[in-house]
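Line by line, the protein sequences give chains A and B.
Take the UniProt record's numbering: the final residue in the first sequence is number 242, and no numbers are missing along the way.
Take the UniProt record's numbering: the final residue in the second sequence is number 242, and no numbers are missing along the way.
Taking it in order: structure first as structure tokens, then the write-up.
There are 2 protein chains.
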Amino acid sequence: MLFFTQCFGAVLDLIHLRFQHYKAKRVFSAAGQLVCVVNPTHSLKYAATRCAAAQASTEQGIPPPCHHHEAVHDPQLVPCTCPLFSCPWEGHLEVVVSHLRQTHRISILQGAEIVFLATDMHLPAPTDWIIMHSCLGHQFLLVLRKQEKYEGHPQFFATMMLIGTPSQANNFTYRLELNRNQRRLKWEATPRSILECVDSVISDGDCLVLNTSLAQLFSDNGSLAIGIAITTSKVHSSEAEM
Amino acid sequence: MLFFTQCFGAVLDLIHLRFQHYKAKRVFSAAGQLVCVVNPTHSLKYAATRCAAAQASTEQGIPPPCHHHEAVHDPQLVPCTCPLFSCPWEGHLEVVVSHLRQTHRISILQGAEIVFLATDMHLPAPTDWIIMHSCLGHQFLLVLRKQEKYEGHPQFFATMMLIGTPSQANNFTYRLELNRNQRRLKWEATPRSILECVDSVISDGDCLVLNTSLAQLFSDNGSLAIGIAITTSKVHSSEAEM
Numbered sequence: 001m002l003f004f005t006q007c008f009g010a011v012l013d014l015i016h017l018r019f020q021h022y023k024a025k026r027v028f029s030a031a032g033q034l035v036c037v038v039n040p041t042h043s044l045k046y047a048a049t050r051c052a053a054a055q056a057s058t059e060q061g062i063p064p065p066c067h068h069h070e071a072v073h074d075p076q077l078v079p080c081t082c083p084l085f086s087c088p089w090e091g092h093l094e095v096v097v098s099h100l101r102q103t104h105r106i107s108i109l110q111g112a113e114i115v116f117l118a119t120d121m122h123l124p125a126p127t128d129w130i131i132m133h134s135c136l137g138h139q140f141l142l143v144l145r146k147q148e149k150y151e152g153h154p155q156f157f158a159t160m161m162l163i164g165t166p167s168q169a170n171n172f173t174y175r176l177e178l179n180r181n182q183r184r185l186k187w188e189a190t191p192r193s194i195l196e197c198v199d200s201v202i203s204d205g206d207c208l209v210l211n212t213s214l215a216q217l218f219s220d221n222g223s224l225a226i227g228i229a230i231t232t233s234k235v236h237s238s239e240a241e242m
Numbered sequence: 001m002l003f004f005t006q007c008f009g010a011v012l013d014l015i016h017l018r019f020q021h022y023k024a025k026r027v028f029s030a031a032g033q034l035v036c037v038v039n040p041t042h043s044l045k046y047a048a049t050r051c052a053a054a055q056a057s058t059e060q061g062i063p064p065p066c067h068h069h070e071a072v073h074d075p076q077l078v079p080c081t082c083p084l085f086s087c088p089w090e091g092h093l094e095v096v097v098s099h100l101r102q103t104h105r106i107s108i109l110q111g112a113e114i115v116f117l118a119t120d121m122h123l124p125a126p127t128d129w130i131i132m133h134s135c136l137g138h139q140f141l142l143v144l145r146k147q148e149k150y151e152g153h154p155q156f157f158a159t160m161m162l163i164g165t166p167s168q169a170n171n172f173t174y175r176l177e178l179n180r181n182q183r184r185l186k187w188e189a190t191p192r193s194i195l196e197c198v199d200s201v202i203s204d205g206d207c208l209v210l211n212t213s214l215a216q217l218f219s220d221n222g223s224l225a226i227g228i229a230i231t232t233s234k235v236h237s238s239e240a241e242m
């Protein structure tokens, strides 16, 4: 009996996912684009840091500055870059992806253009929606974060980081696109390297920023579909322009 | 002597404007686009309303709801829609443009694609940058507003309104584009009718919204260049989709 109940539950879940997938495809109307349903994760990093530090700045939901390991003896080792957990792991850049997949259960998707469908946008801040994206021979980390920079006014921040060095990141351009209700919002930028801190990128506001009202206009039944595309940059000597 | 000093001042102003024009052209690198330097105006409407009402909501820089005239006897008459002043004028929709030009000195520009160069972005909120834009046989009002929705955190809001009816507005799409420092932000939407209230469009956040940090990334030496394009909508039966 229990077995049949579980089977029925699994079938219902599959129908729900299929329905969300269909909705996202309809929104973007781009045949061949992979739609990925991403469930929210309540960040444990902030919670742990808050308990430990209990600083005034973190009271308002502002994440603390990056806690890079104090003494990394081998300069080729990098700390764990997972935005969700304070993790003591460190290793070579080449094995960061497998660490994120295996230890932190972050999914990875293939394809130059995908649709990231974040569910349950109504959940209280701080909340993260995270996937890895593999294309053009590299892996990228996409982070959508709901956060209260100003108390009582949650905002959504979306950015893409290359799991690679800053000089490798300069070779790419990423685009995030929202499209619904006769409105379209596009953000294009060079991805940051995962060696920089995702928290500081978001607190600097150097990413796609959405107020709650705009997020509601772009979301459909509590889910926000973000079209993602990654291309190689035309201008490689980016530092000269900066 | 005074004459020569004035002449020298005028020449300096011209050189400064020419320099800003050149910079904006360089940013957008689109030959043939008209660059319009728009100086800020400190809105007198908010100041007057604040003095009169002194309500808690306006203390934080939130503009009051639209003050449409309480009794418009002729339904074909519309009140003055200037976002800057509380003006007792009312008249037919066809003469709103000439009223805005003559009484409120708002400039008008021709061309399907123009660059709106807002100067002195550092000025304190509330501040407005306003022009009218004539293209495709209609006139549009572009409003860029610096406002503190959250006390101590000014934001920039940009929107375009058609000087016409809501059903006429549904025939158009406007695009605002920021492009600098290897970042690009595009907002596309159907313009609202000037018969709706620009204050409520901005307080709803249904427009291009920029945090101060993003505005700084996109601005050059205190000026923000916004590329503007207006096209006729592909989908005319917009209400069906809504």
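In this text, a Cβ means the ideal position worked out from N, Cα and C, and glycines have one as well.
Item to complete: Evaluate residue 94 of chain B with the Cβ neighbour count: other Cβ atoms within 10 Å of its Cβ, from every protein chain shown; 16 or more gives buried, anything less gives exposed.
Response: For this step, residue 94 of chain B is matched to residue 94 along the second sequence. The residue is exposed, with fewer than 16 neighbouring Cβ atoms inside 10 Å.
Worksheet item: What did DSSP end up calling residue 85 of chain B once you bin it into helix, strand or coil?
Response: Looking up residue 85 of chain B in the second sequence gives position 85. Coil.
Practice prompt. Measure from the alpha carbon of residue 35 of chain B to the alpha carbon of each residue in B:98, B:108, B:90, then state which is nearest.
Written response: In the second sequence, the residue the question calls residue 35 of chain B occupies position 35. Distances from the alpha-carbon of residue 35 of chain B to those of B:98, B:108, B:90 put B:108 closest.
Worksheet entry | At least 3 beta-carbon pairs within less than 8 Å: the stretch 116 to 134 of chain A vs the stretch 179 to 192 of chain A | Under the Cβ criterion (8 Å, minimum of three pairs), the stretch 116 to 134 of chain A does not count as touching the stretch 179 to 192 of chain A.
Discussion item. Going by DSSP in three states, residue 120 of chain B sits in which element: helix, strand or coil?
Written reply: Taking the second sequence and counting its residues from 1, the one referred to as residue 120 of chain B is at position 120. Coil.
Item to complete: Pull out every residue of the stretch 185 to 214 of chain B whose Cβ sits closer than 7 Å to any Cβ of chain A, in chain order.
Response: The residues in question are 185, 186, 187, 188, 189, 190, 204, 205, 206, 209, 211, 213, 214.
Fill in: residue 120 of chain B versus residue 110 of chain A: straight-line alpha-carbon distance, rounded
The residue given as residue 120 of chain B occupies position 120 in the second sequence. The residue given as residue 110 of chain A occupies position 110 in the first sequence. Going by the C-alpha atoms only, they are around 45 Å apart.
Discussion item. Does chain A have any CB closer than 8 Å to the CB of residue 183 of chain B?
Written reply: Within the second sequence, numbered from 1, the residue matching residue 183 of chain B stands at position 183. So yes, residue 183 of chain B belongs to the interface.
Worksheet item: Name the chain B residues whose beta carbon is nearer than 7 Å to that of residue 150 of chain A?
Response: Counted from its first residue, the first sequence places residue 150 of chain A at position 150. What residue 150 of chain A touches in chain B: 150, 153.
Fill in: Terminal residues of the alpha helix (DSSP H) in which residue 215 of chain A lies
Here residue 215 of chain A is taken as the residue at index 215 of the first sequence, counted from 1. Where residue 215 of chain A is concerned, the enclosing alpha helix (DSSP H) stretches over 212 to 218.
Worksheet item: My guess is that residue 37 of chain B and residue 117 of chain B are in contact by the Cβ rule of under 8 Å, so how many angstroms apart are they, rounded?
Response: Numbered from 1 along the second sequence, position 37 holds the residue referred to as residue 37 of chain B. Numbered from 1 along the second sequence, position 117 holds the residue referred to as residue 117 of chain B. Approximately 5 Å separates the beta-carbon atoms of residue 37 of chain B and residue 117 of chain B; this is inside 8 Å, confirming the contact.
Worksheet item: Under the three-state reduction of DSSP, which class applies to residue 153 of chain B: helix, strand or coil?
Response: Here residue 153 of chain B is taken as the residue at index 153 of the second sequence, counted from 1. Three-state result, residue 153 of chain B: strand.
Item to complete: Can you say whether residue 226 of chain B is buried or exposed, counting buried as having 16 or more other CB atoms within 10 angstroms of its CB?
Response: Residue numbering aside, residue 226 of chain B sits at position 226 when the second sequence is read from its first letter. Per the 10 Å Cβ criterion, buried.
Practice prompt. May I ask you to check if the CB of residue 109 of chain B is nearer than 7 Å to at least one heavy atom of the ligand SAH?
Written response: The model on display carries no ligand, and the ligand SAH is accordingly not part of it.
Worksheet item: Does the stretch 199 to 208 of chain B come close enough to the stretch 162 to 175 of chain B to have 3 or more Cβ pairs within less than 8 Å?
Response: Proximity of the stretch 199 to 208 of chain B to the stretch 162 to 175 of chain B falls short of the contact definition, fewer than three beta-carbon pairs being nearer than 8 Å.
Item to complete: Could you pull the start and end residues of the alpha helix (DSSP H) that residue 166 of chain B belongs to?
Response: Walking along the second sequence from the start, residue 166 of chain B turns up at place 166. Counting along the chain, the alpha helix (DSSP H) containing residue 166 of chain B begins and ends at 166 to 169.
Practice prompt. Would you mind listing the beta strand (DSSP E) stretches within the stretch 94 to 139 of chain A that are 3+ residues and don't spill past its ends, in chain order?
Written response: You should have 108 to 110, 113 to 118, 127 to 135.
Practice prompt. Could you tell me whether any Cβ in chain B is nearer than 8 Å to the Cβ of residue 217 of chain A?
Written response: Residue 217 of chain A sits at position 217 when you count from the first residue of the first sequence. Yes, because at least one Cβ of chain B sits closer than 8 Å to the Cβ of residue 217 of chain A.
Worksheet item: Taking DSSP as the reference, what is the three-state secondary structure of residue 194 of chain A?
Response: Residue 194 of chain A sits at position 194 when you count from the first residue of the first sequence. Looking at residue 194 of chain A - three-state DSSP - the assignment turns out to be coil, as it is neither helix nor strand.
Item to complete: Using beta-carbon positions only, say whether residue 143 of chain A and residue 127 of chain A come within less than 8 Å of one another.
Response: Numbered from 1 along the first sequence, position 143 holds the residue referred to as residue 143 of chain A. Numbered from 1 along the first sequence, position 127 holds the residue referred to as residue 127 of chain A. Cβ atoms of residue 143 of chain A and residue 127 of chain A: not closer than 8 Å.
Item to complete: State the beta-bridge partners of residue 223 of chain A as determined by DSSP.
Response: In the first sequence, counting from the first residue as 1, residue 223 of chain A sits at position 223. Residue pairing from DSSP places residue 223 of chain A in a beta bridge opposite A:220.
Fill in: Exposure of residue 81 of chain A, with buried meaning 16 or more beta-carbon neighbours within 10 Å
One-based indexing of the first sequence puts residue 81 of chain A at position 81. Burial call: buried.
Worksheet item: Quick one: is residue 224 of chain B near chain A, going by C-beta distance under 8 Å?
Response: By 1-based counting over the second sequence, the position of residue 224 of chain B is 224. So no, residue 224 of chain B is outside the interface.
Worksheet item: What's the C-alpha gap between residue 233 of chain B and residue 155 of chain B?
Response: Along the second sequence, read from residue 1 onward, the residue named residue 233 of chain B stands at position 233. Along the second sequence, read from residue 1 onward, the residue named residue 155 of chain B stands at position 155. Each residue's Cα considered, the two are about 29 Å apart.
Practice prompt. Check each candidate in B:129, B:179, B:190 and name the one with the smallest Cα separation from residue 218 of chain B.
Written response: Taking the second sequence and counting its residues from 1, one reaches residue 218 of chain B at position 218. Taking residue 218 of chain B as reference, the option from B:129, B:179, B:190 with the minimal CA-CA separation is B:179.
Item to complete: Return the first residue and the last residue of the beta strand (DSSP E) that residue 41 of chain A is part of.
Response: Against the first sequence, residue 41 of chain A aligns to sequence position 41. Run containing residue 41 of chain A: none; DSSP gives neither H nor E here.
Discussion item. On the criterion of 16 or more Cβ atoms from any shown chain inside 10 Å, does residue 112 of chain A qualify as buried, or is it exposed?
Written reply: Translated into positions along the first sequence, residue 112 of chain A becomes position 112. Exposed, by the Cβ-count rule.
Worksheet item: Leaving out five residues before and five after residue 166 of chain A in sequence, what residues of the same chain have Cβ atoms less than 8 Å from its Cβ?
Response: Numbered from its first residue, the first sequence carries residue 166 of chain A at position 166. So the list reads 192, 193, 195, 196, once near-sequence residues are dropped.
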